[in-house]
Amino acid sequence: MSASDQPTSPEEQLRAGIFAAVEEYKRAKRAADANHDQNTLDLDYVRWIADNYGASREDGSEELTSFLEELANELDLDEVRILRMAGEAAVAVTPRVIEGAAERGMKPPRIADEIGLTPSRVYGILREQRAKDERAVVDAFFSASRSNQKTDDQ
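By the count of this note's numbering, the sequence shown reaches residue 161 at its end, each step adding exactly one.
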(Lines of atoms letter the chains of each structure in order from A and count residues from 1; the text may use other names and numbers.)
(Lines give C-alpha, C1' and ligand atoms only; values in the text may rest on other atoms or scores of the structure.)
Protein backbone atom coordinates (compact mmCIF):
# COMPACT_ATOMS: atom_id res chain seq x y z
CA MET A 1 0.00 0.00 0.00
CA SER A 2 1.52 3.35 -1.01
CA ALA A 3 1.31 6.50 1.08
CA SER A 4 -1.45 7.85 -1.17
CA ASP A 5 -3.49 4.64 -0.60
CA GLN A 6 -3.34 4.98 3.20
CA PRO A 7 -6.66 5.80 4.89
CA THR A 8 -6.60 9.41 6.03
CA SER A 9 -9.79 10.07 7.93
CA PRO A 10 -10.67 8.27 11.16
CA GLU A 11 -13.65 6.69 9.37
CA GLU A 12 -11.42 5.34 6.59
CA GLN A 13 -8.95 4.01 9.15
CA LEU A 14 -11.77 2.31 11.05
CA ARG A 15 -13.18 0.82 7.84
CA ALA A 16 -9.72 -0.44 6.82
CA GLY A 17 -9.18 -1.93 10.28
CA ILE A 18 -12.54 -3.70 10.22
CA PHE A 19 -11.89 -5.00 6.71
CA ALA A 20 -8.46 -6.32 7.76
CA ALA A 21 -9.96 -7.97 10.87
CA VAL A 22 -12.70 -9.64 8.81
CA GLU A 23 -10.16 -10.92 6.29
CA GLU A 24 -7.97 -12.28 9.12
CA TYR A 25 -11.00 -13.97 10.68
CA LYS A 26 -11.93 -15.60 7.35
CA ARG A 27 -8.35 -16.84 6.89
CA ALA A 28 -8.18 -18.25 10.43
CA LYS A 29 -11.62 -19.86 10.07
CA ARG A 30 -10.65 -21.56 6.80
CA ALA A 31 -7.47 -22.87 8.42
CA ALA A 32 -9.37 -24.11 11.48
CA ASP A 33 -12.05 -25.74 9.33
CA ALA A 34 -9.44 -27.51 7.21
CA ASN A 35 -7.68 -28.75 10.35
CA HIS A 36 -10.99 -29.78 11.95
CA ASP A 37 -12.03 -31.77 8.88
CA GLN A 38 -8.84 -33.81 9.14
CA ASN A 39 -9.31 -34.55 12.84
CA THR A 40 -13.04 -35.14 13.09
CA LEU A 41 -14.28 -38.34 14.67
CA ASP A 42 -17.11 -39.51 12.47
CA LEU A 43 -20.15 -41.29 13.85
CA ASP A 44 -19.24 -44.58 12.15
CA TYR A 45 -15.93 -44.62 14.04
CA VAL A 46 -17.69 -43.81 17.32
CA ARG A 47 -20.13 -46.69 16.63
CA TRP A 48 -17.18 -48.97 15.91
CA ILE A 49 -15.67 -48.00 19.27
CA ALA A 50 -18.97 -48.61 21.09
CA ASP A 51 -19.63 -51.95 19.39
CA ASN A 52 -16.12 -53.26 19.93
CA TYR A 53 -15.98 -52.01 23.51
CA GLY A 54 -19.25 -53.79 24.29
CA ALA A 55 -18.14 -57.00 22.61
CA SER A 56 -14.72 -56.88 24.29
CA ARG A 57 -16.31 -56.44 27.72
CA GLU A 58 -18.50 -59.48 27.10
CA ASP A 59 -15.58 -61.56 25.81
CA GLY A 60 -13.44 -61.05 28.89
CA SER A 61 -10.64 -59.04 30.37
CA GLU A 62 -7.94 -60.10 27.86
CA GLU A 63 -10.02 -58.96 24.90
CA LEU A 64 -10.95 -55.75 26.67
CA THR A 65 -7.32 -55.02 27.53
CA SER A 66 -6.28 -55.66 23.94
CA PHE A 67 -9.04 -53.42 22.57
CA LEU A 68 -8.20 -50.61 24.99
CA GLU A 69 -4.52 -50.80 24.01
CA GLU A 70 -5.53 -50.55 20.36
CA LEU A 71 -7.67 -47.49 21.11
CA ALA A 72 -4.89 -45.88 23.14
CA ASN A 73 -2.62 -46.16 20.11
CA GLU A 74 -5.24 -44.72 17.74
CA LEU A 75 -6.72 -41.82 19.71
CA ASP A 76 -5.02 -38.58 20.63
CA LEU A 77 -5.81 -36.44 23.67
CA ASP A 78 -8.24 -34.17 21.82
CA GLU A 79 -10.19 -37.12 20.44
CA VAL A 80 -10.46 -38.67 23.90
CA ARG A 81 -11.68 -35.32 25.25
CA ILE A 82 -14.31 -35.17 22.52
CA LEU A 83 -15.46 -38.72 23.26
CA ARG A 84 -15.55 -38.04 27.02
CA MET A 85 -17.65 -34.90 26.56
CA ALA A 86 -19.97 -36.70 24.15
CA GLY A 87 -20.35 -39.50 26.69
CA GLU A 88 -21.17 -37.04 29.45
CA ALA A 89 -23.70 -35.32 27.20
CA ALA A 90 -25.29 -38.68 26.34
CA VAL A 91 -25.64 -39.53 30.04
CA ALA A 92 -27.12 -36.10 30.78
CA VAL A 93 -29.65 -36.23 27.94
CA THR A 94 -30.72 -39.86 28.50
CA PRO A 95 -33.64 -39.09 30.86
CA ARG A 96 -35.03 -36.49 28.43
CA VAL A 97 -34.74 -38.85 25.48
CA ILE A 98 -36.44 -41.64 27.45
CA GLU A 99 -39.23 -39.32 28.55
CA GLY A 100 -39.74 -38.11 24.98
CA ALA A 101 -39.95 -41.65 23.65
CA ALA A 102 -42.46 -42.58 26.36
CA GLU A 103 -44.57 -39.50 25.58
CA ARG A 104 -44.68 -40.61 21.94
CA GLY A 105 -46.12 -43.94 23.10
CA MET A 106 -43.05 -46.17 23.08
CA LYS A 107 -43.17 -48.82 25.81
CA PRO A 108 -40.37 -48.89 28.42
CA PRO A 109 -39.09 -52.38 27.44
CA ARG A 110 -38.61 -51.23 23.84
CA ILE A 111 -36.97 -47.99 24.98
CA ALA A 112 -34.63 -50.05 27.15
CA ASP A 113 -33.75 -52.32 24.25
CA GLU A 114 -33.03 -49.44 21.89
CA ILE A 115 -31.06 -47.30 24.33
CA GLY A 116 -29.11 -50.16 25.91
CA LEU A 117 -30.48 -50.00 29.45
CA THR A 118 -32.46 -52.48 31.50
CA PRO A 119 -36.24 -52.06 31.56
CA SER A 120 -36.09 -51.49 35.32
CA ARG A 121 -33.69 -48.57 34.80
CA VAL A 122 -36.01 -47.03 32.20
CA TYR A 123 -39.00 -47.41 34.54
CA GLY A 124 -36.91 -45.83 37.31
CA ILE A 125 -35.94 -42.85 35.15
CA LEU A 126 -39.60 -42.33 34.19
CA ARG A 127 -40.64 -42.47 37.87
CA GLU A 128 -37.90 -39.99 38.82
CA GLN A 129 -39.01 -37.62 36.08
CA ARG A 130 -42.67 -37.86 37.14
CA ALA A 131 -41.66 -37.09 40.73
CA LYS A 132 -39.65 -34.04 39.59
CA ASP A 133 -42.60 -32.82 37.54
CA GLU A 134 -44.97 -33.26 40.49
CA ARG A 135 -42.56 -31.41 42.82
CA ALA A 136 -42.32 -28.57 40.32
CA VAL A 137 -46.11 -28.23 40.23
CA VAL A 138 -46.33 -28.21 44.05
CA ASP A 139 -43.44 -25.73 44.33
CA ALA A 140 -45.06 -23.45 41.76
CA PHE A 141 -48.37 -23.61 43.64
CA PHE A 142 -46.81 -22.70 46.98
CA SER A 143 -44.65 -20.02 45.40
CA ALA A 144 -47.75 -18.45 43.86
CA SER A 145 -49.61 -18.74 47.18
CA ARG A 146 -46.78 -16.97 49.05
CA SER A 147 -46.65 -14.29 46.39
CA ASN A 148 -50.41 -13.71 46.65
CA GLN A 149 -50.20 -13.65 50.46
CA LYS A 150 -47.49 -10.95 50.36
CA THR A 151 -49.66 -8.87 48.04
CA ASP A 152 -52.68 -9.27 50.35
CA ASP A 153 -50.59 -8.28 53.40
CA GLN A 154 -49.55 -4.98 51.85
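Idealized CB from N, CA, C, for every residue including glycine.
Best match in the options for proximity to residue i [C-alpha to C-alpha]
i, options, result
"V129", "R142, V104 and L48", "V104"
"P102", "T72, G123, R91 and M92", "G123"
"D85", "R34, V145, L48 and S152", "L48"
"A109", "D66, R54, E95 and G131", "G131"
Range covered by the alpha helix (DSSP H) that runs through residue i
i, result
"R88", "L84 to E110"
"L124", "No alpha helix (DSSP H) contains L124, which DSSP labels as neither H nor E."
"L71", "S68 to E81"
Rounded C-alpha distance that separates residue i from residue j
i, j, result
"D51", "K139", "36 Å"
"R64", "V87", "19 Å"
"E215", "L78", "The requested residue 215 is not part of the displayed model; the chain covers only 8 to 161."
"E81", "I56", "11 Å"
"A93", "F149", "38 Å"
CB-CB length for residue i against residue j, believed under 8 Å
i, j, result
"P116", "L133", "Between L133 and P116 the Cβ distance is about 12 Å, and since that is not below 8 Å, they are no contact."
Contacts around residue i, its chain only, beta-carbon distance under 7 Å, and the 5 residues preceding and following it disregarded
i, result
"I89", "L48"
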